[in-house]
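A.B. asks: 452 is the number of the first residue of the sequence shown in our numbering; add one for each residue after it. Okay, here's the structure, questions in a sec.
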Amino acid sequence: MQTKSKKAVYELRDFLDHLSSLFREDITAEEAKKHLYECRTHLRRCSVEPLEYMAEKRFVQLDRYARWYARVPFPFRENPLSKPEFFQRMKEAKRLIAEGRTVKTEGQACERMDKAFEIVTDLLEQVKPSRYLVQGLLWGAGVFIAGLLAGIAAMCFR
Numbered sequence: 452m453q454t455k456s457k458k459a460v461y462e463l464r465d466f467l468d469h470l471s472s473l474f475r476e477d478i479t480a481e482e483a484k485k486h487l488y489e490c491r492t493h494l495r496r497c498s499v500e501p502l503e504y505m506a507e508k509r510f511v512q513l514d515r516y517a518r519w520y521a522r523v524p525f526p527f528r529e530n531p532l533s534k535p536e537f538f539q540r541m542k543e544a545k546r547l548i549a550e551g552r553t554v555k556t557e558g559q560a561c562e563r564m565d566k567a568f569e570i571v572t573d574l575l576e577q578v579k580p581s582r583y584l585v586q587g588l589l590w591g592a593g594v595f596i597a598g599l600l601a602g603i604a605a606m607c608f609r
């Protein structure tokens, strides 16, 4: 997911293609109605694609942080990964993204993707990788210094 999504551009291109076919001289009323419906569908998809891309990108980042932090033991308090609500909200965001994908041609897709984006952004704010990295380094340095002092004390009192 390192390249930006171009799906919205493709949807816009398809919209313009259907729009240009409305100006043909030999088009029937039934075909024109079909092309207008397709124009509407492509415009809706075009509006959903950027929201879907942003929500999915943030969700992948959150999932990567959650998997990485799950492997690291946390001696700290306030670890959000130890709370079941954190993973319930992750599941809710994943469900909203999946539902948004299935209803792209309807008006509800934007709302679902936007809600998923808000949930994932809140969860990323809770995780704050730099905060846990600094706490982990301080805890590790404290353990190292305590071990070093204990070793020096053991050597001195022999």
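The C-beta atom is built at its ideal place from N, Cα and C for all residues, glycine as well.
Can you find at least 3 beta carbon pairs, one from the region 545 to 562 and one from the region 503 to 514, that sit closer than 8 angstroms?
C.D. replies: Touching, yes.
A.B. asks: Does DSSP put Thr556 in a helix, a strand or coil?
C.D. replies: Here Thr556 sits in coil by DSSP.
A.B. asks: Does the Cβ of Phe474 have 16 or more other Cβ atoms within 10 Å, making it buried, or fewer, making it exposed?
C.D. replies: By the 10 Å Cβ count, Phe474 comes out exposed.
A.B. asks: Check Ile478 in the structure and name its three-state DSSP category.
C.D. replies: The answer is coil: DSSP assigns Ile478 none of H, G, I, E or B.
A.B. asks: Residues in the same chain with beta-carbon distance under 7 angstroms from Cys561, minus the five sequence neighbours each way, listed in chain order, please.
C.D. replies: Same-chain partners within the cutoff: Ser498, Val499 and Leu502.
A.B. asks: Here's the rule I'm using: 16 or more other beta-carbon atoms within 10 Å means buried, otherwise exposed. How should Arg629 be labelled?
C.D. replies: There is simply no residue 629 to check, as the chain begins at 452 and stops at 609 in what is shown.
A.B. asks: On the criterion of 16 or more Cβ atoms from any shown chain inside 10 Å, does Leu588 qualify as buried, or is it exposed?
C.D. replies: Flag for Leu588 reads exposed.
A.B. asks: Taking all protein chains shown into account, decide if Gln453 is buried (16 or more other Cβ within 10 angstroms of its Cβ) or exposed.
C.D. replies: Confidence is the limiting factor: at Gln453 the pLDDT is only 46, short of 50, which leaves the residue's position unreliable, though a coordinate-based value still follows. Counting Cβ neighbours within 10 Å, Gln453 comes out exposed, since fewer than 16 surround it.
A.B. asks: Ignoring anything shorter than 4 residues or poking outside the region 478 to 522, list the alpha helix (DSSP H) runs there in chain order.
C.D. replies: Those alpha helix (DSSP H) runs which fall completely within the region 478 to 522 and span 4+ residues are 480 to 522.
A.B. asks: Roughly how many angstroms lie between the CA atoms of Arg496 and Leu532, to the nearest whole one?
C.D. replies: Near 34 angstroms, if we compare the C-alpha coordinates of Leu532 and Arg496.
A.B. asks: Please report how far the alpha carbon of Glu576 lies from the alpha carbon of Lys534, in whole angstroms.
C.D. replies: Roughly 15 angstroms separates the two Cα atoms.
A.B. asks: Which residue from Phe568, Glu462, Gly591 and Glu489 puts its Cα closest to that of Ser472?
C.D. replies: It is Glu489 whose Cα lies nearest to the Cα of Ser472.
A.B. asks: Give the straight-line distance between the Cα atoms of Ala597 and Met606, rounded to the nearest whole angstrom.
C.D. replies: Cα to Cα, Ala597 sits roughly 14 angstroms from Met606.
A.B. asks: Just the C-alpha distance for Arg515 and Val578, rounded to the nearest angstrom, thanks.
C.D. replies: Going by the C-alpha atoms only, they are around 11 angstroms apart.
A.B. asks: I'd like to know whether the C-beta atoms of Leu494 and Met541 end up nearer to each other than 8 angstroms.
C.D. replies: Not closer than 8 angstroms, so no.
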